[in-house]
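A.B. asks: Note that the sequence shown ends on residue 236 in my numbering; no numbers are left out. Glycine included, each C-beta is placed from N, C-alpha and C at the ideal position. Have a look at this one.
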Amino acid sequence: MPISPMLPILDALAEHDQELLRLDRAIEAARSKPGAARTAAATAEASLSAVRARLEANRTATRGLEKQIAEHRARKATAVRALEQGLGNPDAAGRQIATADAAIDDAETKQLELMEDADQIARALAAAERALAESTAAVPTVTAAAAAELVTLRAAREATATHRASAAASLPAEVREKYDLMRARRGTSVSRIESGICRACRMAVAPQQEVEIASGLVHTCRGCGRWLVPVLPKG
Ligand SMILES: [Zn+2]
Numbered sequence: 002m003p004i005s006p007m008l009p010i011l012d013a014l015a016e017h018d019q020e021l022l023r024l025d026r027a028i029e030a031a032r033s034k035p036g037a038a039r040t041a042a043a044t045a046e047a048s049l050s051a052v053r054a055r056l057e058a059n060r061t062a063t064r065g066l067e068k069q070i071a072e073h074r075a076r077k078a079t080a081v082r083a084l085e086q087g088l089g090n091p092d093a094a095g096r097q098i099a100t101a102d103a104a105i106d107d108a109e110t111k112q113l114e115l116m117e118d119a120d121q122i123a124r125a126l127a128a129a130e131r132a133l134a135e136s137t138a139a140v141p142t143v144t145a146a147a148a149a150e151l152v153t154l155r156a157a158r159e160a161t162a163t164h165r166a167s168a169a170a171s172l173p174a175e176v177r178e179k180y181d182l183m184r185a186r187r188g189t190s191v192s193r194i195e196s197g198i199c200r201a202c203r204m205a206v207a208p209q210q211e212v213e214i215a216s217g218l219v220h221t222c223r224g225c226g227r228w229l230v231p232v233l234p235k236g
């Protein structure tokens, strides 16, 4: 039975390539973490500004109402004095007092609503200030953690690249070239046989072929052209 050492090497090469892909994604993710933390802090700052603007609008509206109430009270006092002193039309003075009372009632109701809003805004302000403090403090922490993570990931990538290179070097040049070409075109060059079919393209593998592959012979898939490797128990 001719046992080819190529099959486990192709298998290992595919594993290394998958690991390199995973590490590259992890490196990319780690690299983006400091920027994401800075963005979160900037977002928190914008939220705080928005809450401060709401607070300012609430204060302005409250001052406006206070001014209106003072004006209505002044008009009411004038009418009361006119009545007391028997000046002018008493009916008109009475209407003026009633109108002023209604306007004061209305303004005081709005004042209460603004006070309730102010309570809610105060809570939102406290939360926004806390969020800004936390997200700002997180920036250097996240940046340092990401830098440490990158060191680890890059070392792992380096080690995997070294293993990959030595696996590739032990293959015949034409096999190595075919592997790289197929990988460049289709993402992977090796596929596992699972329940009698190629995992990559779902094409059935002839039973005889599967037996030969299990014994170490090299076969490519009839469907996708990838080298077929059996699913082996990990050990
Ligand atoms: Zn296939």
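(1) Counting C-beta neighbours from all protein chains within 10 Å, is the total for Val-212 16 or more, i.e. buried, or is it exposed?
(2) If you run the structure through DSSP and keep just helix, strand and coil, what is Ala-205?
(3) Near Glu-195, which residues of its chain fall below 6 Å by C-beta distance, leaving aside the five closest residues on each side in sequence?
(4) Ignoring anything shorter than 3 residues, give me the beta strand (DSSP E) runs that lie fully in the segment 84 to 108, in order along the chain.
(5) Which partner residues of Arg-193 appear in the DSSP bridge assignment?
(6) Using the Cβ count rule (16 or more neighbours within 10 Å means buried), how would you classify Ser-136?
(7) Enumerate in chain order the residues of its own chain whose CB-to-CB distance from Arg-200 is below 8 Å, with the five nearest sequence positions on each side excluded.
(8) Using only alpha-carbon positions, find the residue among Leu-172, Pro-35, Ala-205 that is nearest to Ile-10.
(9) What's the gap between the Cα of Glu-150 and the Cα of Asn-59?
(10) Starting from the N-terminal end, write out each residue whose C-beta falls within a distance shorter than 6 Å of any non-hydrogen atom of ligand 1.
(11) For Ala-132, tell me which candidate among Asp-106, Ala-207, Ala-38 has the shortest Cα-Cα distance.
(12) Going by DSSP, what residue range makes up the alpha helix (DSSP H) through Val-176?
(13) For Leu-154 versus Ala-27, is the C-beta spacing smaller than 8 Å?
C.D. replies: Well, looking at it:
(1) Counted from its first residue, the sequence shown places residue 212 at position 211. Burial call: exposed.
(2) To locate residue 205, count along the sequence shown from 1; it is residue 204. In the structure shown, Ala-205 sits in a strand (DSSP, three-state: E or B).
(3) In the sequence shown, residue 195 corresponds to position 194, counting from 1. Around Glu-195: Val-232.
(4) Taking only runs of at least 3 residues, no beta strand (DSSP E) segment lies wholly in the segment 84 to 108.
(5) As a working mapping, residue 193 is identified with position 192 in the sequence shown. As a beta-bridge residue in DSSP terms, Arg-193 pairs with Val-230.
(6) Here residue 136 corresponds to residue number 135 of the sequence shown, with the count starting at 1. With 16 or more other Cβ atoms inside 10 Å of its own Cβ, Ser-136 counts as buried.
(7) Your numbering for residue 200 matches position 199 in the sequence shown. Ser-192, Arg-193, Ile-194.
(8) Start at 1 with the first residue of the sequence shown, and residue 10 comes out as number 9. Ranking the options by Cα distance to Ile-10, first place goes to Leu-172.
(9) Taking the sequence shown and counting its residues from 1, one reaches residue 150 at position 149. Taking the sequence shown and counting its residues from 1, one reaches residue 59 at position 58. So the two alpha carbons sit approximately 47 Å from each other.
(10) Having a Cβ closer than 6 Å to some heavy atom of ligand 1 are Ser-192, Cys-199, Ala-201, Cys-202, Met-204, Cys-222, Gly-224, Cys-225, Arg-227.
(11) As a position in the sequence shown, residue 132 is number 131, starting the count at 1. Ranking Asp-106, Ala-207, Ala-38 by Cα distance to Ala-132 puts Ala-38 first.
(12) As a working mapping, residue 176 is identified with position 175 in the sequence shown. Note, Val-176: alpha helix (DSSP H), 174 to 187.
(13) Taking the first residue of the sequence shown as position 1, residue 154 is located at position 153. Taking the first residue of the sequence shown as position 1, residue 27 is located at position 26. Yes. Within cutoff.
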